[in-house]
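First the structure, in the form of C-alpha cells, and then the observations on it.
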DNA sequence: GGCAATCCATACTCAAGCGTATGGTCATCG
DNA sequence: CGATGACCATACGCTTGAGTATGGATTGCC
C-alpha cells in the first residue's frame, strides 16, 4: 500500500506502479514520468518495471484509467446525498475549495493536454462534471440553456483557479481572503434561492 | 526563384529565432522547443543557433521576455480607449472571446507552469491583467473587495476556458452557442448598469 | 578588391532515457 | 524438497537532443 516513502522490501504489483505513477504525476507532471526515476522511487530497478508493463505508455494508460475510475466518486457521491438541491451547489463549491488535495492530479493532467493519451480521459471527466453541474443548476431554477452555460462558466472558473493559484503560486491568499473569494463565487454564480 | 519550396535564404537574427520559438511554443508547447527542430523549421542548422544564443534556456528566456513586452499591449490599449466605463467590460469580453489567436502562446505557457523560467513571467502577466480587471469592475460600481474577487473569478474563467475549449477540444461549440456563452458570461459577471 | 566580422554547415562528444536480454532469487505448491 | 512461475538485478543497445569545435561562406566596410 504505502511504497512511496519507505524503501520497503515488499514485492510490487502493477497497481503499485500505477499508484506511484499518479503520485509522481501529481508532484512533477506527466513529463516527469520516467521509468528509471519511478523505479528509484520504489527502491527497485527497471527490470521490475518491464515485467509488469510492456512500455512506458502502457503505464501511463493504466494509471490514467485507474485515476478516472477511483478518483472521482467521492465528491459527487457526497454531494448527491444532500437532499435539498439549493444547498447542494454552495456545499459543492465549499467542499471542492477546501479539498484541493485530490485535484493535484487533475491540475497536472490539465498541463498535459497535448499528450494524446491524456486528452480523451480529460474530455470524459470534464464532460461528466459539466453535466453534473448543469443538472444542479437546472435544479436550482435555471432554464436549460442558462444552466448549461452557467455550468461551463463555473467549471472554467474552477479549472482556471487550479492553474492560477495551485500550480502557479499567484498572490497566495490568506485563509480569510480565500473563504471570502469562495463566498463571492457562490453569490455570483449560484442563482438566489 | 525557389521561393515556393524553400522559405527564403536571408540571414537570421536573434529576433528571428525568438519569433520562431514563440510560434513553435504556440503550436506544440514549451516542451517541443528543441533547437534542431527550430533550425529545420528556419531552414538552417544548429550552427546558426549557437552563434545567436548560448543555450536553449537562453532562447526560451529571450522569447518569453519578447512575448511579455510586445504581446500584451494591443488589447489593453484598445480597451482603455473606450470612454464609457460601462461599455468597456462587455467590449473587453467580446474582443477577447473573438481574438483567441494571440492567446495561443498564453495557453501554451499555462501548461508549462512547472518550468522555472515560465512561472515569473506568467505571474507578472496574470497579476497585471487581474489588476486591470479589478479597476474595471470598480469603475463599474463594485466596492473594492468585491471588485477584486470578481476580477479573480473572471480571469479564472478566462484561463479555464482557454484550457477546456482551446487546448482540449471539448464539445466544440458552434459560433452561435459560443456567442450565447459569451453573452451569458457578460450578464453573469458584469454588474448591471 | 581585400579584410574583418558576421553568419552558418559539418562533424563530432556526451548524457538521458527507453527498451531488451539474460540470469538470479524467493515463494509456493505438489 | 525440488520445480515452476513470479519478481527483480545487471548489463547492454539504440535513439534523441544538447552542446562544442572548427572551417567555410557571406556581408559590410575601407
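Protein chains in written order, with the working numbering: chain A, 489 to 681; chain B, 489 to 681.
The beta carbon of each residue, even a glycine, is placed where N, CA and C say it ideally should be.
Using the three-state DSSP reduction, which class does residue 610 of chain A fall into: helix, strand or coil?
Correct three-state label for residue 610 of chain A: helix.
From residue 563 of chain A to residue 535 of chain A, what distance separates their C-alpha atoms?
When rounded, the distance between both Cα atoms is 38 Å.
Beta carbons nearer than 9 Å to chain B: which residues of the segment 500-519 of chain A have them?
Listed in sequence order: 516, 517, 519.
Quick check on residue 647 of chain B: buried or exposed, where buried means 16 or more other Cβ atoms within 10 Å of its Cβ?
With 16 or more Cβ atoms within 10 Å of its Cβ, residue 647 of chain B is classed as buried.
Apart from the five residues on each side of it in sequence, which residues of its chain come closer than 7 Å, Cβ to Cβ, to residue 585 of chain B?
Cβ within range, chain order: 670.
Does DSSP put residue 501 of chain B in a helix, a strand or coil?
Note: residue 501 of chain B maps to coil in three-state DSSP.
By Cβ distance, which residues of its chain are closer than 6 Å to residue 554 of chain B, with the 5 residues on each side in sequence left out?
Only 506 meet the Cβ criterion.
Could you list which residues in chain B have their beta carbon closer than 8 Å to that of residue 622 of chain A, in chain order?
Neighbours of residue 622 of chain A on chain B: none; closest Cβ ~12 Å, over 8 Å.
Do residue 593 of chain A and residue 513 of chain A come within 8 Å of each other at the CB atom, strictly closer than that value?
In contact: residue 513 of chain A and residue 593 of chain A (Cβ atoms closer than 8 Å).
Could you check how far apart the C-beta atoms of residue 599 of chain A and residue 588 of chain B are, in whole angstroms? I think they sit under 8 Å.
Their Cβ separation, rounded to whole angstroms, is 19 Å, which puts residue 599 of chain A and residue 588 of chain B out of contact at 8 Å.
Using the Cα positions of residue 668 of chain A and residue 622 of chain B, report the straight-line distance between them to the nearest angstrom.
Taking the straight line joining both Cα atoms gives about 16 Å.
Distance, Cα to Cα, residue 543 of chain A vs residue 520 of chain B?
About 22 Å.
Between residue 594 of chain A and chain B, is there a C-beta pair that is closer than 8 Å?
It does not; no Cβ of chain B falls within 8 Å.
Which residue from B/510, B/545, B/673 puts its Cα closest to that of residue 638 of chain A?
For residue 638 of chain A, the nearest C-alpha among the options comes from B/673.
Identify the continuous alpha helix (DSSP H) that holds residue 536 of chain B and give its terminal residues.
Looking at the DSSP string, the run of the alpha helix (DSSP H) that includes residue 536 of chain B is 534-540.
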